[in-house]
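**Student:** Per my numbering, the very first residue in the sequence shown carries number 84; after that it's consecutive.
My questions will all concern the structure given below.
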Amino acid sequence: MNAASGAVLRVSRRFEFPAERVFDAWLDPATVSRWLFATPTGRMVRCDIDARVGGRFVITERRDGEDVEHTGEYLEIRRPRRLVFTFAVPRYSSRQTKVTLDILPSGAGCELTLTHENVLPEWASQTQDGWTKILGSLAEQLAAGGYGELIEAGTLRFERLLPGPIERVWALLTESDKRAKWLGSGEMQPRAGTPVKLKFYHSSLSRNSAPVPEQFANAEEGQETEHMVTRWEPPRVLSMTWGSGKDGPSEVTFELTPEGDRVRLVLTHRRLRDRTAMLAVGPGWHSHLAVLVGRLGDREPEAFWATFTRMQEAYSTRLPEDR
């Protein structure tokens with residue numbers, strides 16, 4: 084590869100996530116398939132990653148009925164600071180280029196600098212723009228992807244860093260038409276102690292589609308659930324009861340905190356009676372939050388049931404067995 088014959092491009096971005104998490108997002112196939120080289124209207128059909136020096140990757144997206152393959156070989160892997168790989172898109176050119184990622188921890192986050200060598204000069208502007216958008220997609224994926232944590236018995240906590248301002252996020256929690264785009268519709272009175280009925284149509288949350296798990300087949304007719312608002316502190320805190328049972332309902336709290344031009348959302352679901360309940364609400368909240376992140380990022384989210392099915396397996400391995 085003769086780097087001198089091509090352009091050298093650099094793109095930098097700060098991430099509000101640890102360097103380890105940003106680094107790993109480039110090598111985990113399940114994560115990579117949701118953001119790297121993914122386009123809004125394409126569908127990822129292959130993501131093979133052999134994450135070792137000398138190992139190769141093949142990432143293929145189907146666009147307008149045609150498969151676009153991205154290939155390369157890993158030259159250097161030094162977690163969490165440096166990743167180097169060759170890169171080519173054979174459909175458009177046989178030219179081999181080189182991509183270097185340098186990740187520098189900075190406070191609670193990190194700075195990533197991507198250097199792309201040996202780019203054809205006529206493709207330089209388009210390639211620079213492409214990497215800028217890809218790093219933006221990575222930021223969205225990281226914001227969408229954190230698992231719920233079991234912080235104490237019967238309590239799951241989720242955290243997402245969302246585009247602001249805080250008033251926009253508050254409206255998506257409290258206004259029926261906006262909430263319907265990621266969770267469920269239902270008019271909500273602006274004070275604690277008031278009832279609210281939520282109506283859920285999970286398959287309508289995205290134009291993308293996926294099979295409905297057999298145990299939730301009845302949900303396709305729509306579900307209506309009853310809740311009670313327990314805290315109303317705009318635009319920072321909203322709490323409501325959730326579900327029912329012999330031990331009474333559980334409770335969900337949304338807490339919003341501005342951080343620059345972004346908003347940190349902390350969702351805490353308390354009083355979950357057992358592991359079975361957590362295996363329902365864990366994948367459920369994870370999937371709804373993925374839709375929310377997509378809506379705030381002005382992109383079409385993955386089908387709710389596709390995310391839910393994948394997260395069922397993930398949470399079953401993460402949540403401890405009942406004792």
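Beta carbons: idealized from backbone N, C-alpha and C, even for Gly.
Which ranges does the alpha helix (DSSP H) cover as unbroken runs of at least 4 residues, wholly within the segment 347-381, from first to last along the chain?
**Tutor:** 358-379
**Student:** Leaving out five residues on either side along the sequence, give the residues of the same chain with a beta carbon under 6 Å from the beta carbon of Arg96.
**Tutor:** Once the five neighbours on either side are set aside, the close Cβ partners of Arg96 are Leu195 and Leu218.
**Student:** Report buried or exposed for Asn201, applying the criterion of at least 16 other Cβ atoms within 10 angstroms of its Cβ.
**Tutor:** buried
**Student:** Counting only the same chain and skipping the five closest in sequence on each side, list residues whose C-beta sits under 8 Å from that of Val128.
**Tutor:** Within the same chain, Cβ atoms closer than 8 Å to the Cβ of Val128 are found at Thr143, Glu144, Arg145 and Asp150, the five residues on either side in sequence being excluded.
**Student:** Apply the 10 Å Cβ neighbour rule to Asn85 and answer buried if 16 or more other Cβ atoms are within range, or exposed otherwise.
**Tutor:** With a pLDDT of 45 at Asn85, under the threshold of 50, the modelled position of this residue cannot be trusted; read the value that follows with caution. It is exposed - the Cβ of Asn85 has fewer than 16 other Cβ atoms within 10 Å.
**Student:** Suppose the cutoff is 7 Å on Cβ atoms and the five residues either side in sequence are ignored; what does the same chain contact list for Thr313 look like?
**Tutor:** Counting only Cβ-Cβ distances below 7 Å, and skipping sequence neighbours, we find Ala275, Ser322, Met323, Thr324 and Glu334.
**Student:** Check for me: the alpha helix (DSSP H) holding Thr400 runs from which residue to which?
**Tutor:** That run of the alpha helix (DSSP H) goes Phe387 to Arg401.
**Student:** In chain order, what residues of the same chain lie with their CB nearer than 6 Å to the CB of Phe140, ignoring the 5 residues before and after it?
**Tutor:** Excluding positions up to five away in sequence, the list reads Ile132 and Gly155.
**Student:** What residues match up with Trp315 in a beta bridge as DSSP calls it?
**Tutor:** Leu321
**Student:** At which residues does the beta strand (DSSP E) containing Val167 begin and terminate?
**Tutor:** Arg165 to Phe170
**Student:** Can you tell me whether Phe391 is buried or exposed, with buried defined as 16 or more other CB within 10 angstroms of its CB?
**Tutor:** buried
**Student:** DSSP state of Gln179, grouped into three classes?
**Tutor:** coil
**Student:** Relative to the C-alpha of Leu244, which residue among Gln224, Arg262, Gly331 and Leu256 is closest?
**Tutor:** Gln224
**Student:** Quick one: complete alpha helix (DSSP H) runs, 4+ long, within the segment 185-232?
**Tutor:** 207-228
**Student:** From the DSSP output, read off the bridge partner residues of Ile132.
**Tutor:** Phe140
**Student:** Between which two residues does the beta strand (DSSP E) carrying Pro246 extend?
**Tutor:** Here the beta strand (DSSP E) through Pro246 covers Thr238 to Pro246.
**Student:** Between which two residues does the alpha helix (DSSP H) holding Thr257 run?
**Tutor:** Ile249 to Thr257
**Student:** Taking the CB atoms as reference points, tell me whether Thr183 and Val167 lie closer together than 8 Å.
**Tutor:** yes
**Student:** Taking the alpha-carbon positions, what's the Trp109 to Pro278 distance?
**Tutor:** Distance between the alpha carbons of Trp109 and Pro278 is about 45 Å.
**Student:** Short of 6 Å in beta carbon distance, which residues of its chain neighbour Glu99, apart from the five on each side in sequence? Order them along the chain.
**Tutor:** Gly192 and Leu244
**Student:** Alpha carbon to alpha carbon, what distance is there between Phe283 and Glu307?
**Tutor:** 6 Å
**Student:** Could you have a look at Ser116 and say whether DSSP puts it in helix, strand or coil?
**Tutor:** coil
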